[in-house]
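To keep things clear, I will list the structure first and then write my remarks on it.
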Amino acid sequence: MTVRRTEIDQQNTALLARQREFRAAADVVVAAWRAFAEVSAVALIGSVAKPLWKEVPRFQPFRHHCIELWHECKDLDLAVWLDRQDRLGEMRRARDLALRQACESGSGIRVANHQVDTFLFEPGSDRYLGRLCAFAQCPKGKRDCRTPGCGTIPFNKVVDGFRPSPDVLAGAVPLYDRASGQGWCAADLPAAGDSPGSP
Numbered sequence: 000m001t002v003r004r005t006e007i008d009q010q011n012t013a014l015l016a017r018q019r020e021f022r023a024a025a026d027v028v029v030a031a032w033r034a035f036a037e038v039s040a041v042a043l044i045g046s047v048a049k050p051l052w053k054e055v056p057r058f059q060p061f062r063h064h065c066i067e068l069w070h071e072c073k074d075l076d077l078a079v080w081l082d083r084q085d086r087l088g089e090m091r092r093a094r095d096l097a098l099r100q101a102c103e104s105g106s107g108i109r110v111a112n113h114q115v116d117t118f119l120f121e122p123g124s125d126r127y128l129g130r131l132c133a134f135a136q137c138p139k140g141k142r143d144c145r146t147p148g149c150g151t152i153p154f155n156k157v158v159d160g161f162r163p164s165p166d167v168l169a170g171a172v173p174l175y176d177r178a179s180g181q182g183w184c185a186a187d188l189p190a191a192g193d194s195p196g197s198p
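Following numbering that gives the first Met the number 0, the numbering of the sequence shown begins with 0 at its first residue and continues without gaps.
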């Protein structure tokens with residue numbers, strides 16, 4: 000089975016569009032979180048923060064033919080620096096409401112709450128604190144909730160065995176800084192590079 004050029008172009012267009020959608024969702028979520036005084040800063044991390052690169056994907060038929068496509072962004076990773084963690088439930092609700100309103104507005108943003116992975120950090124030290132839970136209640140009674148330490152701070156999710164890599168914040172793109180009052184738009188970031196196999 001051969002893969003037509005039009006199929007490759009369509010897939011690449013869809014992959015670029017998905018990254019744009021995640022970036023637009025990041026801007027929506029950050030706008031909602033600016034209302035929380037405890038939010039010291041927010042940054043975009045992971046592949047959504049970078050110009051996309053070409054690689055052989057995990058899906059067929061492109062994998063079988065070793066056809067390189069733009070990297071597939073599977074979720075939106077955000078880093079949030081917090082002075083305190085007593086309103087994580089409210090932050091979760093604000094995120095979910097912002098995403099729902101963006102979807103209902105016809106803006107083209109169709110990102111679900113579970114597709115936003117929020118890593119929590121301590122300001123100044125960058126010490127990893129946990130993740131913002133996606134469940135509507137804490138504890139929810141799910142298997143994840145039985146992880147030791149999960150929910151000790153309500154809506155702070157502990158992922159069993161997870162330790163962030165030392166370079167988790169490498170290449171982080173700032174979206175909000177409370178001290179300066181500045182904000183930046185993820186939607187304005189460059190979309191694609193031209194270096195196959197870039198990390």
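Note that CB positions come from ideal geometry on N, CA and C, so glycine has one too. Keep in mind it's a predicted model, so treat the numbers as computed, not measured.
Would you kindly report the start and end of the unbroken beta strand (DSSP E) that includes residue i?
i      : result
Arg17  : Taken as a continuous stretch (DSSP letters only), Arg17 belongs to no beta strand (DSSP E), being part of the alpha helix (DSSP H) at Arg4 to Trp32.
Arg130 : Tyr127 to Leu131
Ala135 : Counting along the chain, Ala135 falls outside any beta strand (DSSP E), and DSSP gives it neither H nor E.
Leu168 : First-last for Leu168: undefined, no H or E at that position.
What's the call for residue i, buried or exposed, on a 16-neighbour Cβ count within 10 Å?
i      : result
Thr1   : exposed
Ala42  : buried
Ala133 : buried
Cys72  : buried
Val29  : buried
Val158 : exposed
Arg199 : The structure shown does not extend to residue 199, since the chain is modelled only from 0 to 198, so the question has no answer here.
Leu87  : buried
Gly148 : exposed
Ser46  : buried
Glu20  : buried
Asp82  : exposed
Gly150 : buried
Asp85  : exposed
Lys49  : buried
Ala97  : buried
Gly129 : buried
So what's residue i in DSSP terms, helix, strand or just coil?
i      : result
Ser46  : helix
Asp176 : strand
Ala40  : strand
Ala190 : coil
Pro198 : Confidence is the limiting factor: at Pro198 the pLDDT is only 41, short of 50, which leaves the residue's position unreliable, though a coordinate-based value still follows. Coil at Pro198, not helix or strand.
Please tell me whether residue i has its Cβ less than 8 Å away from any Cβ of chain C.
i     : result
Phe21 : No chain C is part of this structure, which consists of one protein chain only.
Taking only runs of the beta strand (DSSP E) that begin and end inside the segment 64-118, which ones reach a length of at least 3 residues, in chain order?
Whole beta strand (DSSP E) segments, 3+ residues: 75-81.
Cβ pair count under 8 Å reaching 3, the segment 62-73 against the segment 5-14
Judged by Cβ distances under 8 Å, the segment 62-73 makes contact with the segment 5-14, as three or more pairs qualify.
Taking three-plus beta-carbon pairs below 8 Å as touching, is the segment 70-89 in contact with the segment 112-127?
These segments touch.
Three Cβ pairs or more, each shorter than 8 Å: is that satisfied between the segment 46-64 and the segment 99-114?
The segment 46-64 vs the segment 99-114: no contact.
For the structure I just gave you, are there three or more beta carbon pairs, one from the segment 171-180 and one from the segment 31-42, closer than 8 Å?
Between the segment 171-180 and the segment 31-42, the count of C-beta pairs closer than 8 Å reaches three or more; the two stretches touch.
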